[in-house]
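Student: Residue numbers (the working numbering), protein chains in the order written: chain C, 53 to 197; chain F, 3 to 506. Below are the C-alpha cells for one structure; questions will follow.
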Amino acid sequence: MYVAGLAALMLLIILTGEWIPLILRSILYTICMMGIFSLLMLKNILRENARSITYWRLYAVGLAILSGIFIAIIFIDKRFETGDTLTMGMEPGTALMVFGLPFFPFWFIVLWVIGFRASILPHEREDHLNRLKTNKAEIKGSTDG
Amino acid sequence: MDDRTLILTIVGTYMLICLGIGFWAAKKTKSAKDFFVAGKASGVIVMGFAAFSTIMSGFGFIGGPGLVYKYGTSSFWICLPASLGFAVTGIFLAKRFKAFADLFDILTLPDAVAIRYNSETCRLMAGLVIILGVIAYLGTNIMAFGTVAATFFGIDFTIATVIGMAVVIIYAVFGGIIAGLYTDVFQGTIMIFAAVALFVIAIGIAGGGSFSNGPRNITEAFTAAGERDAVSAWGVLGPMACLSYIFLFKLGGSGQPHTTTKLFMPRDMKPVRWSGSLGASAYTLCALLWVSVGFAMKYLVLTGQAEPLAAGHEDNAAPMFLMNHTPAWLAGIVFAGLFAAIMSTADSFLNIGAGVLVRDIPKAILKRAVKNELFWARIATLLLAIVATLFALWARNHGDLIAVLGIFGWGLFAAAFVPMVAIGFNWKRATWQGATCAAITGIVVNLGLDLASKYPHDAPLYKIPGGVSVGAIALMSSIIVMVVVSLATKAQPLDSRVEEAMDL
Chain C
53 MYVAGLAALM LLIILTGEWI PLILRSILYT ICMMGIFSLL MLKNILRENA RSITYWRLYA
113 VGLAILSGIF IAIIFIDKRF ETGDTLTMGM EPGTALMVFG LPFFPFWFIV LWVIGFRASI
173 LPHEREDHLN RLKTNKAEIK GSTDG
Chain F
3 MDDRTLILTI VGTYMLICLG IGFWAAKKTK SAKDFFVAGK ASGVIVMGFA AFSTIMSGFG
63 FIGGPGLVYK YGTSSFWICL PASLGFAVTG IFLAKRFKAF ADLFDILTLP DAVAIRYNSE
123 TCRLMAGLVI ILGVIAYLGT NIMAFGTVAA TFFGIDFTIA TVIGMAVVII YAVFGGIIAG
183 LYTDVFQGTI MIFAAVALFV IAIGIAGGGS FSNGPRNITE AFTAAGERDA VSAWGVLGPM
243 ACLSYIFLFK LGGSGQPHTT TKLFMPRDMK PVRWSGSLGA SAYTLCALLW VSVGFAMKYL
303 VLTGQAEPLA AGHEDNAAPM FLMNHTPAWL AGIVFAGLFA AIMSTADSFL NIGAGVLVRD
363 IPKAILKRAV KNELFWARIA TLLLAIVATL FALWARNHGD LIAVLGIFGW GLFAAAFVPM
423 VAIGFNWKRA TWQGATCAAI TGIVVNLGLD LASKYPHDAP LYKIPGGVSV GAIALMSSII
483 VMVVVSLATK AQPLDSRVEE AMDL
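Put into C-alpha cells, the structure is as follows:
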C-alpha cells in the first residue's frame with residue numbers, strides 16, 4: 053500500500069515537469085524512491101531478538117545515509133561554480149558521486165554477510181526448512197531429472 | 003605476427019576454451035534439472051561469477067563507454083551503485099527462492115510464479131514476457147557482436163554473427179546451464195582483468211602518463227571545451243534522469259529473470275550468503291572500464307589527439323580506443339572480454355527462453371509437461387538461437403526496429419517482474435490478477451511511451467519531463483497496478499508450503 057503510494061507520488065513528481073523547481077523535485081523524488089527501497093528491504097530483515105534488531109537498525113541507518121548522500125550531491129553540485137577548487141581532480145559533487153555510489157552500498161552487502169545468521173536466516177529457521185524439505189511431497193511435474 | 007592477427011588469435015583461443023567447457027559440461031548434463039538449474043548444486047564462486055557476468059552484457063562493455071562519451075557522468079548512475087542492486091535482489095529474493103527451489107519442483111521462473119500464485123495464467127504471462135525480452139535482448143547482443151567484428155576486424159557481419167552464435171549454440175545446447183555457469187566463471191575472469199587493465203591505461207593516457215593527473219585533466223579539458231555539464235555529478239542528462247536510473251536499474255535488478263533464475267541453483271545456504279558480495283565486487287571492478295574509456299576517448303578528441311566519433315556512432319568509443327591506444331595483446335584480451343560479456347548474457351537468455359518453450363508454455367496451455375524434457379530443451383535452445391540470429395541479421399538494416407524492441411529488455415523485465423516476483427514473493431496479499439495486470443501494464447507502458455517519445459521523428463508525440471527513462475515510469479506504473487488490483491480482488495488462500503517459504 054505505502055509502496056504504491058510512493059510510486060504514485062514519484063509519477064506525479066515526474067509528470068508535473070517544471071512546475072516544481074528542479075532541486076525540490078529531485079529531493080522529493082529521492083525521498084520517495086528511498087522510501088520504497090527502505091519499505092521493501094527492512095520488511096525482509098528479521099527483528100526477533102536484540103541482535104537482529106541491532107542489524108535491522110544498521111540497515112535503516114545505511115538507507116538514511118545513502119539518501120543523505122543523494123541529497124548532498126544535489127546541493128553540492130548546485131553550489132559549484134567554474135573555477136572553484138576541485139576535489140581529487142573532480143568537481144566536489146562528482147567526487148562524492150564517484151566514491152560514494154560504488155562503495156557506500158557495500159554497507160548492505162557487508163551487513164548481509166556478517167549478520168546473515170542473526171538478521172536473515174537463523175539456524176533454527178534453516179533447520180525448519182530442512183525438515184520441510186525432507187518431508188516434502190513434490191508437486192507433480194514432469195522432469196526427467 | 004601483426005596486431006590484427008595477434009588479436010584474432012587471442013579471441014580465437016578464447017572461443018576454443020568456451021567450446022572445451024561446453025563439451026566438459028555436456029558430460030555432466032544428464033537431466034532437465036541439470037540443464038536448467040545445474041542440478042541445484044552450485045557453489046559460492048560459480049554463483050557469484052554467474053550473477054555478475056550475466057548482468058554485465060555487451061551493453062556494459064560497448065554501450066557504457068558510448069554513453070559516457072555522449073552524456074558524461076550520467077550513466078555512472080547505472081553502473082557504479084552495482085552493490086546496491088546486488089543487495090536489493092539478495093534481500094528480496096535470495097533465501098525465498100532457495101526455499102521455493104527446495105520445497106517444490108522448480109526449474110524455471112514461471113514455475114515459481116505458477117506455484118506462488120497457484121495460477122497457470124500467471125505462468126503463461128511470465129513466459130510470454132520472458133520470450134519477448136529474450137528475443138529483443140538476444141537480438142541486440144548478437145547485433146553488437148556482429149557489428150564489432152565487422153567494423154574492427156573486417157570480417158563479414160553475417161559470417162562473424164554465425165561464428166559467434168555457433169560457439170554459443172554448441173556449448174549452450176550440449177552443456178545447458180552447467181556450461182553457462184562455468185563459462186561465466188572463465189568469461190567473468192577475463193572481463194575483470196580486461197576492465198582493470200583498461201581503466202589504468204585509459205586514466206593514465208588522460209593524465210599524460212600520470213594516473214593521478216587523469217581526472218583533473220579530463221575535468222579541465224571538458225570545462226575548457228564548454229562541456230562542464232558532462233563532468234558534473236549528474237552529467238548532461240540531469241538529476242531526474244540519473245535518479246530514475248537508480249530506481250530502474252537497482253530495484254529493477256530484482257526483476258531480471260536471467261539472474262534471479264540463478265537463485266534456484268545454490269546447493270545450500272552458503273552461496274546465498276556469500277555469492278552476492280563476490281558478484282557485487284566483480285561488477286564494480288568491471289564498471290571501471292565503463293567509467294574510464296568513454297571519458298578517455300572524449301578527452302583525446304577534445305585535445306585534438308583523436309578524430310571525433312560521428313553522431314550516432316558513440317558506441318565505437320571503446321573499440322576505437324582499443325584499436326588505437328592499447329597494446330595489441332591487451333586489445334585481444336579486452337576484445338575477448340567484450341565477446342565474453344555478450345556470450346555470457348546470451349547463453350543465460352537461451353537457457354531461460356528454452357525453459358519457457360519446453361516447460362512453461364506446454365504446462366500453461368496443454369496442462370501437461372512434455373516427455374523427455376532434456377532432449378526438447380536442447381532442440382528449443384537451438385531453435386531459439388537460430389531465430390534470434392536470423393532476427394538480428396534481418397534487423398541489421400532496420401535500426402529503428404531493433405531500438406524499439408531493445409526497450410523490451412531491462413525495462414520490460416523490471417516492470418513485469420518486480421511487481422510479480424520481488425513484491426509478490428514478499429507480500430501475501432498479492433493476487434494472480436494483480437500480478438498479471440502489472441505485467442500487462444509493464445509491456446503496454448514500456449512500448450507505448452517509447453513509441454510516443456520517439457515518433458514521429460521530427461515532432462514526437464510526447465516528451466518525458468526531466469529525461470526520466472521510460473522503463474522507470476513503466477516500473478512505477480506496474481507497481482501501482484499490482485497493489486491496487488491485488489487489493490481490489492479477493493485474497494487468495496496460500497498453499498501451506500508456499501506460506502512457509504514466504505515466512506522463512
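Every residue, glycine too, gets a C-beta built ideally from N, C-alpha and C. Predicted model only: the values in this text are computed from it and were never measured.
Tell me, please, whether the CB atom of F/Leu104 is closer than 9 Å to any CB atom in chain C?
Tutor: The amino acid at residue 104 of chain F is misidentified as Leu; the sequence shows Asp. It does; some Cβ of chain C falls within 9 Å.
Student: Curious, which full-length beta strand (DSSP E) runs of at least 3 residues does the segment 125-186 of chain F contain?
Tutor: none
Student: Just the chain F side, please: which residues come within less than 8 Å of C/Ser78 by C-beta, in chain order?
Tutor: The answer, in chain order, is Pro241, Met242 and Leu245.
Student: Using only CA atoms, which one of F/Met242, F/Ala387, F/Ala390 and F/Ser498 lies nearest to C/Met62?
Tutor: F/Met242
Student: Out of F/Ala181, F/Gly68, F/Ile108 and F/Thr110, which has the shortest C-alpha to C-alpha gap to F/Gly24?
Tutor: F/Ala181
Student: Among C/Leu67, C/Leu115 and C/Trp159, whose alpha-carbon lies nearest the alpha-carbon of C/Ile86?
Tutor: According to the sequence as given, residue 86 of chain C is Met; it is not Ile. Checked all of C/Leu67, C/Leu115 and C/Trp159; the closest Cα to C/Met86 is C/Leu115.
Student: Entirely within the segment 154-184 of chain C and at least 4 residues each: give me those alpha helix (DSSP H) ranges in chain order.
Tutor: 158-166
Student: According to DSSP, which residues form a beta bridge with F/Ser498?
Tutor: Paired residues: none, contrary to the question.
Student: Compare the C-beta of C/Glu198 against all C-beta atoms of chain F and say whether one is closer than 9 Å.
Tutor: This structure leaves residue 198 of chain C out entirely; chain C is present only between 53 and 197.
Student: Would you say F/Met478 faces chain B, with C-beta separation under 9 Å as the test?
Tutor: Among the chains of the structure shown, chain B does not appear; the protein chains present are C and F.
Student: Closer than 8 Å, Cβ to Cβ, to anything on chain C: give me those residues from the segment 87-98 of chain F, in chain order.
Tutor: Against chain C - using a Cβ distance shorter than 8 Å - the residues of the segment 87-98 of chain F are Phe88, Ala89, Val90, Gly92, Ile93, Phe94 and Lys97.
Student: Find the residues of chain F that neighbour C/Asp129, judging by a C-beta separation of less than 7 Å, and give them in chain order.
Tutor: Under the 7 Å cutoff, chain F gives Ser234, Ala235 and Trp236.
Student: For a contact defined as C-beta to C-beta under 7 Å, what are the partners of C/Leu138 on chain F?
Tutor: Arg218 and Thr221
Student: Thinking C-alpha only, which one of F/Phe201, F/Leu332 and F/Val175 is nearest F/Ala387?
Tutor: F/Val175
Student: In whole angstroms, what separates the C-alpha of F/Met193 from that of F/Ser283?
Tutor: So the alpha carbons of these two residues sit roughly 13 Å apart.
Student: As a quick exercise: from F/Met267, F/His459, F/Leu359 and F/Trp378, pick the residue whose alpha carbon is nearest that of F/Ala43.
Tutor: Ranking the options by Cα distance to F/Ala43, first place goes to F/Met267.
Student: Going by Cα to Cα distance, which pick from F/Lys272, F/Phe155 and F/Leu477 is closest to C/His175?
Tutor: F/Lys272
Student: Any contact between the segment 79-91 of chain F and the segment 476-484 of chain F? By contact I mean 3 or more CB pairs, one from each, below 8 Å.
Tutor: no
Student: Would you kindly work out how many angstroms separate the C-alpha atoms of F/Gly436 and F/Leu250, rounded to a whole number?
Tutor: 20 Å
Student: If we define contact as Cβ-Cβ less than 9 Å, is F/Arg269 a contact residue for chain C?
Tutor: no
Student: Indicate whether at least one CB of chain C lies closer than 9 Å to the CB of F/Leu181.
Tutor: Note that residue 181 of chain F corresponds to Ala in the displayed sequence, not to Leu. By this cut-off, F/Ala181 is not an interface position.
Student: Tell me, please, whether the CB atom of F/Gly255 is closer than 9 Å to any CB atom in chain C?
Tutor: No - not a single Cβ of chain C is within 9 Å of the one on F/Gly255.
Student: Does DSSP put C/Met142 in a helix, a strand or coil?
Tutor: Reduced to three states, the DSSP call for C/Met142 is strand.
Student: Does the beta carbon of F/Thr262 come closer than 9 Å to any beta carbon on chain C?
Tutor: no
Student: Tell me the DSSP secondary structure of F/Pro310 in three-state form.
Tutor: coil
Student: At a CB-CB cut-off below 8 Å, which residues of chain C make contact with F/Asn353?
Tutor: Those within 8 Å of F/Asn353 in chain C number zero; the least Cβ separation is about 15 Å.
Student: Which same chain residues end up closer than 6 Å to F/Val487 when comparing Cβ atoms and leaving out the 5 residues on each side of it in sequence?
Tutor: Hits under 6 Å: Gln435, Gly436 and Cys439.
Student: Within this structure, are the beta carbons of F/Ser85 and F/Thr347 separated by less than 9 Å?
Tutor: F/Thr347 sits away from F/Ser85, with the two beta carbons spaced by 9 Å or more.
Student: Can you tell me whether F/Pro321 is helix, strand or coil according to DSSP?
Tutor: helix
Student: Along the chain, where does the alpha helix (DSSP H) containing F/Ser294 start, and where does it finish?
Tutor: Met271 to Leu304
Student: Determine the contact status of F/Val423 and F/Leu109, defining contact as a CB-CB distance below 9 Å.
Tutor: no
Student: Who are the neighbours of F/Arg380 on chain C, taking C-beta pairs under 8 Å?
Tutor: Simply none; closest approach about 12 Å.
Student: Under the assumption that F/Thr305 contacts F/Ala223 (Cβ atoms under 8 Å), give the Cβ distance between them as a whole number of angstroms.
Tutor: With 8 Å as the limit, F/Thr305 and F/Ala223 qualify as a contact, their Cβ atoms being about 6 Å apart.
Student: Let me know if F/Gln494 comes out buried or exposed under the rule of 16 or more other beta-carbons within 10 Å of its beta-carbon.
Tutor: buried
Student: F/Ile367 lies in the alpha helix (DSSP H); which residues open and close that run?
Tutor: F/Ile367 -> no alpha helix (DSSP H), and no H or E assigned at all.
Student: Which residues does DSSP list as the beta-bridge partners of F/Pro268?
Tutor: F/Ser44, per the DSSP bridge assignment.
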